[in-house]
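Numbering (our numbering), first residue to last: 5 to 386.
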Ligand SMILES: Cc1cc2nc3c(=O)[nH]c(=O)nc-3n(C[C@H](O)[C@H](O)[C@H](O)COP(=O)(O)OP(=O)(O)OC[C@H]3O[C@@H](n4cnc5c(N)ncnc54)[C@H](O)[C@@H]3O)c2cc1C
């Protein structure tokens, strides 16, 4: 699109170039549809909001560029608030790999462009007019007429609001520091600390894959006793697993953070004018807060439904994109989230560790951390 042109007609306008928007846009373009993807960030390798831990099922089922993935992690260490007698779980399989997210987003955008998607960076979706959507880019406003709009614009989706769809109400806030570390013979490890004083309602983590360390906290924003930033500083000063680890790259630290929807998939995620994917749709595991696998899987479903609607000319095809049906798969995880949200004192967290030290407790933890459960590929139709 030339800089002077201010009106565009497309089949689908996708708002947000996170993994959900990039994947949905690529799949639609590969099916021959005219897709415009708009992203407010001027570059995709900046302002990253995720640790980037990919679970085994995602690595098995989706093609991610191998050179953008860190070494496999099999070892998880769980710590109680006093950090004493941690529980170590080791899987026989490679369970996690941490994405080098900047290059990974850039690679996904290249794949989208190769498929025919027009990608506009530094271009914000402003809202919906009578017959078009308004964007503001570096060269001024752009009016887009689209048959459908896809809200891939994250946990606080503006598109969801404009389409009068459901919106995330139940959110955690997360923040982390990332830095390069020197190689050593430490096994790559995911350290998780359950301590309501540092991470109220969720956990604090150190992911050390031998190349980078991610040190983070997440929890209910209004329950951090002295705010999330202070909690991160405190945790980072005595983060487990990093004793004697050498920081490289001049000790440069990247800071990441953002909201995490944990209320489960929203019920109303489509209407005749469009639909929601990824965090905008609440597609995040309520228990683990993992959203990368769900956003890829839900994007596949979204692209199939939109393709059907565009090919048949029947916008009511979008009614098959139903969050209420998907939610049913998450009843168990929503109940466990409810339980985790109620761990409000170190005493309760320590009591949970007494259970974790038993064989049934460890078996349950292994099922959550190393199990095969994931977001359904396609919702069961109601
Ligand atoms: C600190 C933190 C750590 C996490 N770690 C993990 C993890 O290790 N593993 C895991 O599975 N999940 C993790 N998650 C969750 C996971 O990152 C998200 O579920 C996933 O990235 C969601 O992808 P998305 O494409 O839906 O949204 P996003 O990646 O948030 O993308 C939304 C995009 O929309 C753009 N946008 C928003 N509004 C507009 C607008 N008006 N106009 C144009 N563009 C707009 C944003 O700039 C953004 O690029 C983490 C989340 C947080 C906050």
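Even glycine gets a Cβ: it sits at the ideal position worked out from N, Cα and C.
No experiment lies behind these values; they were computed from the predicted model shown.
*Compare the beta carbon distance of residue 41 and residue 121 with 9 Å and say whether it is the shorter of the two.*
Yes, these two residues count as a Cβ contact at 9 Å.
*Enumerate, from N- to C-terminal direction, the unbroken beta strand (DSSP E) stretches of 3 or more residues contained entirely within the segment 143-206.*
Annotation note: the segment 143-206 contains the following uninterrupted beta strand (DSSP E) runs of length 3 or greater, listed N- to C-terminal: 144-155, 175-184 and 193-197.
*Return yes when the Cβ of residue 201 is within less than 9 Å of the Cβ of residue 243, no when it is not.*
No, they are not a contact pair.
_Burial state of residue 188, where buried means 16 or more other Cβ atoms lie within 10 Å_ = The residue in question, residue 188, is exposed, as its Cβ has fewer than 16 Cβ neighbours within 10 Å.
*alpha helix (DSSP H) runs contained entirely in the segment 10-84, provided each spans 4 or more residues*: Counting whole runs of 4 or more residues, the segment 10-84 contains the alpha helix (DSSP H) stretches 23-34 and 60-65.
*Which residue from 114, 18 and 28 puts its Cα closest to that of residue 49?*
Cα-wise, what sits closest to residue 49 is 114.
*Can you give the Cα-Cα distance for residue 163 and residue 191, rounded to whole angstroms?*
Going by the C-alpha atoms only, they are around 43 Å apart.
*Where are the alpha helix (DSSP H) runs, 4 residues long or more, that stay fully inside the segment 236-269, in chain order?*
Whole alpha helix (DSSP H) segments, 4+ residues: zero.
*By the 10 Å Cβ neighbour count, where 16 or more other Cβ atoms means buried, how is residue 292 classified, buried or exposed?*
The residue is buried, with at least 16 neighbouring Cβ atoms inside 10 Å.
*Is it true that the CB of residue 286 sits closer than 9 Å to the CB of residue 263?*
Residue 286 is positioned such that its CB atom lies no closer than 9 Å to that of residue 263.
*What are the boundary residues of the alpha helix (DSSP H) that residue 344 is part of?*
Counting along the chain, residue 344 sits inside the alpha helix (DSSP H) bounded by residues 335-345.
*Would you kindly check if the distance between the Cβ of residue 154 and the Cβ of residue 29 is under 9 Å?*
Note that the C-beta distance between residue 29 and residue 154 is below 9 Å.
*Check whether the Cβ atoms of residue 184 and residue 216 sit closer than 9 Å, and answer yes or no.*
Yes, the Cβ-Cβ distance between residue 184 and residue 216 is below 9 Å.
*Alpha carbon of residue 82 to alpha carbon of residue 137, nearest angstrom*: Roughly 47 Å separates the two Cα atoms.
*Could you check if residue 172 is buried or exposed, using at least 16 other CB atoms within 10 Å of its CB as the buried criterion?*
Around the beta carbon of residue 172, 16 or more other beta carbons sit within 10 angstroms, so the residue counts as buried.
*Taking only the alpha-carbon atoms, compute the straight-line gap between residue 282 and residue 161 and give it to the nearest angstrom.*
Residue 282 and residue 161: Cα-Cα distance of roughly 10 Å.
*What is the DSSP secondary structure of residue 208, reduced to helix, strand or coil?*
Residue 208: strand per DSSP, three-state reduction.
*Check whether the Cβ of residue 220 lies closer than 8 Å to any heavy atom of ligand 1, and answer yes or no.*
The beta carbon of residue 220 sits closer than 8 Å to at least one heavy atom of ligand 1.
*Between the Cα of residue 231 and the Cα atoms of 252, 213, 248 and 204, which residue gives the shortest distance?*
If we check each option's Cα against that of residue 231, 204 comes out closest.
*Taking only the alpha-carbon atoms, compute the straight-line gap between residue 157 and residue 301 and give it to the nearest angstrom.*
A straight line joining the alpha-carbon of residue 157 with that of residue 301 spans about 16 Å.
*Count the CB pairs spanning the segment 311-324 and the segment 270-281 that are closer than 8 Å, and state whether there are at least three.*
Verdict: yes, contact present.
*Which one of 128, 132 and 151 has the shortest CA to CA distance from residue 143?*
Considering only 128, 132 and 151, the residue with the shortest C-alpha distance to residue 143 is 128.
*Would you decide whether residue 5 is buried or exposed? Buried here means 16 or more other CB atoms lie within 10 Å of its CB.*
Any reading at residue 5 is ruled out, since the residue's pLDDT is 46, under 50, leaving its predicted position unreliable.
*Where does residue 290 fall in DSSP's three states?*
Residue state, collapsed to three classes: coil.
*Assigned secondary structure, residue 374 (DSSP; H/G/I helix, E/B strand, else coil)*: For residue 374, the three-state secondary structure derived from DSSP is helix.
*Could you tell me whether any non-hydrogen atom of ligand 1 is closer than 8 Å to the CB of residue 106?*
Not one heavy atom of ligand 1 falls within 8 Å of the beta-carbon of residue 106.
*asked:* When you measure from the CB of residue 49 to every non-hydrogen atom of ligand 1, does any distance come out below 8 Å?
replied: Result no, Cβ not under 8 Å from ligand 1.
*Can you tell me whether residue 62 is buried or exposed, with buried defined as 16 or more other CB within 10 angstroms of its CB?*
So residue 62 counts as buried.
*How big is the Cα-Cα spacing for residue 86 and residue 92?*
C-alpha of residue 86 to C-alpha of residue 92: approximately 16 Å in a straight line.
_Given the structure, does residue 133 come close to ligand 1, in the sense that its CB is under 8 Å from one of the ligand's heavy atoms?_
For ligand 1, not one heavy atom lies less than 8 Å from the Cβ of residue 133.
_Cβ shell of residue 221 (< 6 Å), same chain only, five flanking positions each side left out_ = Excluding sequence neighbours, residue 221 sits near 202, 203, 208, 235, 236 and 239.
*May I have the straight-line CA-CA distance separating residue 3 from residue 88, to the nearest angstrom?*
Because the chain spans 5 through 386 in this model, residue 3 falls outside it and cannot be assessed.
*Compare the Cα-Cα distances from residue 373 to each of 223, 94 and 304 and report the closest residue.*
Considering only 223, 94 and 304, the residue with the shortest C-alpha distance to residue 373 is 94.
*asked:* Among 58, 32 and 270, whose alpha-carbon lies nearest the alpha-carbon of residue 333?
replied: The shortest Cα separation from residue 333 among 58, 32 and 270 belongs to 270.
_Reduced DSSP secondary structure (H/G/I, E/B, other) of residue 274_ = Per DSSP, reduced to three states, the secondary structure at residue 274 is strand.
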